[in-house]
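Here's the structure we're looking at; comments come further down.
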Amino acid sequence: MAPDYERAAEMLEGARKVVVFTGAGMSKDSGIDTFRGPGGIWERFSAQDLATYEGFIRDPAKVWMWNEARRQQVAGLTPHAGYVSLAEMEGLFPQVVTVTQNIDGLHARSGASQVVELHGNIWKVRCDAEDNEPWLDERTELPEYPMHCDNCGGLLRPHIVWFGEPLDRKDILDANLAVEDCDVILVIGTSAIVYPAAGFPLLAKQRGAKVIEINIEPTPVTEYADLSLFGTAEEVLPALVVELKRRKGDGD
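Quick note: the sequence shown, position 82, residue 82 per my numbering, numbers continuous.
Take a look at the structure:
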C-alpha cells in the first residue's frame, strides 16, 4: 500500500510544534550500519567490548580505535534527502525539535537547528576522570590510543551512552519538554525497543499528540500510531514535504 501523504499532511496542517524522533533507520539510508537486526553491527562486533564502560576500562585503546573507524565512516557520508527535508520543515512550522537516538551528528550537518541527542555524539569527547562537559573533537585521525586529557592526564572517552549507562539528565529533560506539548510527533526509523528513549513517542501520544510513524516495517509504535507510512526515510520524507508545501501553497 502506498504511503498516504495527504492524510499525513492533514494531521500536520496547523501544527504549532512538531517533534521529529529518529533512530538508526534514519541513518541507514545514508550508509551507516544499524546496530541490531540482520547484518547489524552487534552481529559482527562485541557490544560488551566496545559499548560498555567495563569494556572501555579493560581496553580503552581498542574502544578508541573502533570509534576512530566509525568517525571515518561517518565523515565520508552525506546526509540523504530525508535529512534535508526535515531541515526544510523548520520553515513550515513555528517550532520543530529533533530528538534522536543516533550519535552520528547527521541531523546538525543537514541543517536541523534544535537537536536533542539522547545517546550522545561520536564527535564529542569528555574526560572520564573529571566528568566534565563534553566538547567537540572532529578529528578522524586520532593522535593516540587511548586519548588522554590535556588538563589532568586522565582517560578521555567518547561522549556516547554505552550499555548500562543512564541517559544524561539534561537530555531527558529536554526531550520531555519537547514531547510534552507537541502537536505531532514523527517517529522515524526506530525499532522502539531501547528504553528509556523508546518511551518518548508513547509519552507524546498520551499528552495528546498525533503520532506519524515512518519505517520500512511495523514496530511496537505501529500499534498506537495514528498513521504509519511504510518506506525508507529517504523516500518518504521528501514526498511528505512536497505534499506539505503543496497544501501550504493552496492555502496562501
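Each residue gets a CB set at the ideal place from its N, CA and C atoms; glycine is no exception.
In this structure, residue 106 sits away from residue 143, with a CB-CB distance that is not shorter than 7 Å. With fewer than 16 other Cβ atoms from the protein chains shown falling within 10 Å of its own Cβ, residue 206 counts as exposed. The beta carbons of residue 56 and residue 200 sit no closer together than 7 Å. Less than 7 Å divides the Cβ of residue 209 from the Cβ of residue 184. A residue is called buried once 16 or more other Cβ atoms fall within 10 Å of its Cβ, and residue 70 is buried on that count. Contact between residue 13 and residue 247 holds, with the beta-carbon distance rounding to 6 Å and staying under 8 Å.
Pairing residue 227 with residue 15 gives a Cβ-Cβ distance that is not under 7 Å. Counting of Cβ neighbours within 10 angstroms places residue 224 among the exposed residues, the total staying below 16. An exposed status is given to residue 195, since fewer than 16 other beta-carbon atoms sit within 10 Å of its beta-carbon. Proximity of the segment 146-156 to the segment 123-138 meets the contact definition, three or more beta-carbon pairs being nearer than 8 Å. The beta-carbon separation of residue 52 and residue 162, rounded to 5 Å, stays under the 8 Å limit for a contact. DSSP places residue 148 within a strand segment (E or B) once states are collapsed to three. The three-state secondary structure of residue 136, taken from DSSP, is strand.
Restricting attention to alpha helix (DSSP H) runs no shorter than 4 residues, the segment 191-247 encloses them at 199-206, ordered along the chain.
Residue 80 sits in coil when the DSSP states are folded into three classes, being neither helix nor strand.
Between the segment 84-104 and the segment 23-30 there are three or more C-beta pairs closer than 8 Å, enough to call the two in contact.
Per DSSP, the unbroken alpha helix (DSSP H) holding residue 68 starts and ends at 60-75.
Shown here, residue 159 sits in a strand according to DSSP, grouped into three states.
The Cβ neighbour count for residue 191, taken over all protein chains shown within 10 Å, is at least 16; the residue is labelled buried. According to the DSSP assignment, residue 6 belongs to the alpha helix (DSSP H) that extends over 5-12. A Cβ-Cβ contact shorter than 7 Å links residue 81 with residue 238. The C-beta distance from residue 19 to residue 241 rounds to 16 Å, too long to fall under 8 Å, and the pair is not in contact.
Contact annotation: residue 120 and residue 160 have beta-carbon atoms nearer than 7 Å.
In this structure, the straight-line span from the alpha carbon of residue 232 to that of residue 214 is close to 7 Å. If you compare the alpha carbons of 76, 98, 168, 47 with that of residue 62, the shortest gap goes to 47.
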